[in-house]
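See structure below.
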Amino acid sequence: MPADAIDRTDTRIRIGRWSRPAIVLWTLSFLALLSIVLFMTLDAKGSWSFVLSFRGKKLLSLVLVAYAVAMSTVLFQTASNNRILTPSIMGFDALYVLIKTSIVFFFGIGALVSIDGQLQFVFELLVMVGFSTLLFRWLFLGQERSLHLLVLVGIVFGILFRSFSQLMQRMLDPGAFNVLQDSLFASFATTDPTLLGISTVIVVLVSLVGWRLMHAYDVLSLGRATAINLGLDYKRTVALILVLVAILVSVSTALVGPVTFFGLLVATLAHSLVGNSKHRYVLPASVLLAVICLVGGQTLLERVFAFDTALSIIIEFLGGVVFIILVLRRSAR
Amino acid sequence: MLLLAFLATLLLGLVSLFVGVSDVSLPALLTGTADARALEIFAVSRVPRTLALMLAGASMAIAGLVMQMVVRNRFVEPSTAGTSESAALGFLVVTLFAPGWPLMAKMLVAALFALAGTALFLRILRAVPLRDVLLVPLVGIMLGGVIGAVTAFIAYRANLMASLLAWNMGDFSGVIRGRYELLWIGLLCGVLAYVAADRFTVAGMGKDFTTNLGLNYRRVMVLGLVIVSVVSAVVLVSVGSIPFLGLIVPNVVSLMVGDNMRRTVPWVAVGGAGFVLACDIVGRLIRFPYEIPIAVVMGVVGSAVFLYLLLRTPRHAS
Numbered sequence: 338m339p340a341d342a343i344d345r346t347d348t349r350i351r352i353g354r355w356s357r358p359a360i361v362l363w364t365l366s367f368l369a370l371l372s373i374v375l376f377m378t379l380d381a382k383g384s385w386s387f388v389l390s391f392r393g394k395k396l397l398s399l400v401l402v403a404y405a406v407a408m409s410t411v412l413f414q415t416a417s418n419n420r421i422l423t424p425s426i427m428g429f430d431a432l433y434v435l436i437k438t439s440i441v442f443f444f445g446i447g448a449l450v451s452i453d454g455q456l457q458f459v460f461e462l463l464v465m466v467g468f469s470t471l472l473f474r475w476l477f478l479g480q481e482r483s484l485h486l487l488v489l490v491g492i493v494f495g496i497l498f499r500s501f502s503q504l505m506q507r508m509l510d511p512g513a514f515n516v517l518q519d520s521l522f523a524s525f526a527t528t529d530p531t532l533l534g535i536s537t538v539i540v541v542l543v544s545l546v547g548w549r550l551m552h553a554y555d556v557l558s559l560g561r562a563t564a565i566n567l568g569l570d571y572k573r574t575v576a577l578i579l580v581l582v583a584i585l586v587s588v589s590t591a592l593v594g595p596v597t598f599f600g601l602l603v604a605t606l607a608h609s610l611v612g613n614s615k616h617r618y619v620l621p622a623s624v625l626l627a628v629i630c631l632v633g634g635q636t637l638l639e640r641v642f643a644f645d646t647a648l649s650i651i652i653e654f655l656g657g658v659v660f661i662i663l664v665l666r667r668s669a670r
Numbered sequence: 093m094l095l096l097a098f099l100a101t102l103l104l105g106l107v108s109l110f111v112g113v114s115d116v117s118l119p120a121l122l123t124g125t126a127d128a129r130a131l132e133i134f135a136v137s138r139v140p141r142t143l144a145l146m147l148a149g150a151s152m153a154i155a156g157l158v159m160q161m162v163v164r165n166r167f168v169e170p171s172t173a174g175t176s177e178s179a180a181l182g183f184l185v186v187t188l189f190a191p192g193w194p195l196m197a198k199m200l201v202a203a204l205f206a207l208a209g210t211a212l213f214l215r216i217l218r219a220v221p222l223r224d225v226l227l228v229p230l231v232g233i234m235l236g237g238v239i240g241a242v243t244a245f246i247a248y249r250a251n252l253m254a255s256l257l258a259w260n261m262g263d264f265s266g267v268i269r270g271r272y273e274l275l276w277i278g279l280l281c282g283v284l285a286y287v288a289a290d291r292f293t294v295a296g297m298g299k300d301f302t303t304n305l306g307l308n309y310r311r312v313m314v315l316g317l318v319i320v321s322v323v324s325a326v327v328l329v330s331v332g333s334i335p336f337l338g339l340i341v342p343n344v345v346s347l348m349v350g351d352n353m354r355r356t357v358p359w360v361a362v363g364g365a366g367f368v369l370a371c372d373i374v375g376r377l378i379r380f381p382y383e384i385p386i387a388v389v390m391g392v393v394g395s396a397v398f399l400y401l402l403l404r405t406p407r408h409a410s
């Protein structure tokens, strides 16, 4: 065997006539399907029609979240051209919470209760896209900044947004605070069912735009200079991707609340499993991994260990460890 | 100049003494016409609270300064190095397994955990050959997040989430006589830091330089870490953690008077006390008669100032 075939990043490793990405994708698909089936059927007592429709809704929201988080993270990493930043590390979901809190703070609790939930969601989306585009244009399309500075600034922005939300929440009257808390509090065990329909539509629309840009992602990940050299309209593409990311993050935060490290976890795993950076493989792999983590993890915790909401804590723990290792490895090189 | 800052802080303290729901007025106290209830509130609630604010502010700010000297990085402080989170973990563990222990013993356990957490942080840093200025706080914040997740998991299993929330959210509204005295230990640590200030200044110039001057580098490091851990634990146990305080005050002071620790310690102490007093007064007035915990006010002000410090000059761009 020639020396370069031993290299783990080599995609030419084959078992029979299967290439490595294909093996990975098929295995992941199988595992994802398995976790979905287990999630739907394990411990089911009583009428099947009830169980299936009840769990089906939960499953749909988990899959939506998994898809949104995985896509947004991988795309964001491509647009910002590094493997450490993710939208949530940059304070994206804290921004969503802040926007929601500000609506209640400035327009009163009536705004949250009286206006139709879906209309409100669309409005929040628009504000979110506007703000985050401003923020990211300033951070990414302006002068070149060091990666560490970007990450640190992102984290501190996240803390700032969170503190502002807390400040406003404390200044609300207790009744309004409770309603807001209810609409903000969500976990993998209890997702918000009213937003399922509109979220699905939005995610499908975003995906249509996203898949059409597919050819651009691989070019973008070669770096800014090369991408421009290859004839890509760099600024426009990056700006468009950031808009897509903002929408996806809003969807996932609205459904389950903020999860800081989940995206990082699946994107990193996907990259190292697939072994090359072609988005045609990495994107599906990370979506499948996210589904396995969320649906499988939730099944395991709910049915086997009877833990319910602790999944997000476990994901935060694992993600944090992965993050430290990534940062250290990068700077050790 | 220092005298002026000191007077300003005293003035803030005076204001802090007379902000509150029940009516306690300065003229009445001075002329002796205040009724017994007002006197009691003054002695049991107002004076302890103001003292606690000053003590916690000064000692946390000094802890931040010591940490920055020892780690040789401007952007570390107990809450960006995993120290505060480790202290919370220790406090949680001791609350779970030995709920009957006196507060002092619990505080010591928390301090031990804080020490271990900070040592782990330094250990991880040593694995990085190339030290980027910004990498250090980044790793620290993440380590804090990981330790925080462990703590949250235990608290969640033990139904102690509410207590954990209270420890992580610094708040002086519960301070009355008999519940803040531990903070004097923090002041003691501050004095110790002042006495050893020259050593820390030298240690801040690096290991080789320190050894060359005939100092035991290791011993100075350990002393610094012990001071930082004890202060973090004391503040956490008595009022809850206060983010960013140890980061902002020393940095602003260093912009004003430089890096010689012998000169900066008094400034940092006075500045920390004044800053905490100001934030607390704001938290008490903004939604009078209700209160907003100081950690929230500090979170907003602190992260904004931190962002300013980070983006102030483009010289960090590598």
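Protein sequences appear in the order of chains A and B. The numbers in the working numbering rise by one with no breaks, and the one at position 85 of the first sequence is 422. The numbers in the working numbering rise by one with no breaks, and the one at position 127 of the second sequence is 219. Backbone N, C-alpha and C fix where the C-beta goes; we use that ideal spot for every residue, glycine too.
Simplified DSSP state of residue i, which is helix, strand or coil
i: Trp-475/A; result: helix
i: Trp-193/B; result: coil
i: Ser-265/B; result: coil
i: Ser-390/A; result: helix
i: Val-658/A; result: helix
i: Ser-356/A; result: strand
i: Ser-255/B; result: helix
i: Gly-612/A; result: coil
i: Leu-550/A; result: coil
i: Thr-101/B; result: helix
i: Gly-383/A; result: coil
i: Ser-171/B; result: helix
i: Met-465/A; result: helix
i: Asn-260/B; result: helix
i: Arg-376/B; result: helix
i: Ile-652/A; result: helix
i: Ser-558/A; result: coil
i: Asp-519/A; result: helix
Within chain B, the residues that residue i reaches when beta carbons sit closer than 7 Å
i: Met-408/A; result: Those do not exist, as Met-408/A stays about 24 Å from chain B at its closest Cβ, beyond 7 Å.
i: Gly-657/A; result: Met-234, Gly-237, Val-238 and Ala-241
i: Phe-660/A; result: Met-234
Outcome for residue i when other beta-carbon atoms lying within 10 angstroms are tallied against a minimum of 16
i: Gln-503/A; result: buried
i: Ala-135/B; result: exposed
i: Lys-572/A; result: exposed
i: Leu-456/A; result: exposed
i: Ile-662/A; result: exposed
i: Phe-301/B; result: exposed
i: Leu-99/B; result: exposed
Same chain only: Cβ atoms within 7 Å of residue i, ignoring 5 sequence neighbours per side
i: Pro-358/B; result: Leu-94
i: Gly-105/B; result: Thr-142, Met-146 and Leu-369
i: Ile-584/A; result: Leu-462, Val-466, Ile-539 and Val-543
Residue range of the alpha helix (DSSP H) that includes residue i
i: Ser-587/A; result: 571 to 593
i: Met-56/B; result: Because chain B here runs from 93 to 410, residue 56/B falls outside it and cannot be looked at.
i: Tyr-248/B; result: 227 to 249
i: Pro-621/A; result: 616 to 628
i: Phe-444/A; result: 429 to 444
i: Val-493/A; result: 484 to 508
i: Asn-304/B; result: 299 to 304
i: Ser-321/B; result: 309 to 331
i: Asn-419/A; result: Unbroken run through Asn-419/A: none, as it is neither H nor E.
i: Pro-119/B; result: 118 to 123
Close beta carbons around residue i, own chain, < 6 Å, minus the five adjacent residues each side
i: Met-261/B; result: Gly-332, Pro-385 and Ala-387
i: Val-322/B; result: Ala-203 and Cys-281
i: Asp-263/B; result: Gly-332 and Pro-385
Interface residues of chain A facing residue i [CB-CB closer than 8 Å]
i: Phe-245/B; result: Ala-647, Ile-650, Ile-651 and Phe-654
i: Val-392/B; result: Leu-497, Ser-500, Phe-501 and Leu-504
i: Ile-384/B; result: Leu-504, Arg-507 and Met-508
Under 9 Å by beta carbon: chain B residues contacting residue i
i: Val-593/A; result: Under the 9 Å cutoff, chain B gives no residues; its nearest Cβ is about 17 Å from Val-593/A.
Contact set between residue i and chain A, taken where Cβ atoms lie within less than 9 Å
i: Phe-264/B; result: Neighbours of Phe-264/B on chain A: none; closest Cβ ~15 Å, over 9 Å.
i: Arg-379/B; result: Arg-507 and Met-508
Per-residue contacts from residue i into chain B (C-beta, under 8 Å)
i: Val-490/A; result: Leu-399, Leu-402 and Leu-403
i: Leu-665/A; result: Ile-216, Ala-219, Val-220 and Val-231
Contact set for residue i: own chain, Cβ-Cβ below 8 Å, skip 5 residues either direction
i: Leu-579/A; result: Phe-413, Ala-416, Ser-469, Thr-470, Phe-473, Arg-474 and Phe-477
i: Asp-351/B; result: Thr-293 and Gly-296
Chain-ordered neighbours of residue i on chain C, where CB pairs are closer than 8 Å
i: Val-493/A; result: Chain labels in this structure do not include chain C; the protein chains are A and B.
Under 7 Å from the C-beta of residue i: neighbouring residues of chain A
i: Val-388/B; result: Ser-500, Gln-503, Leu-504 and Arg-507
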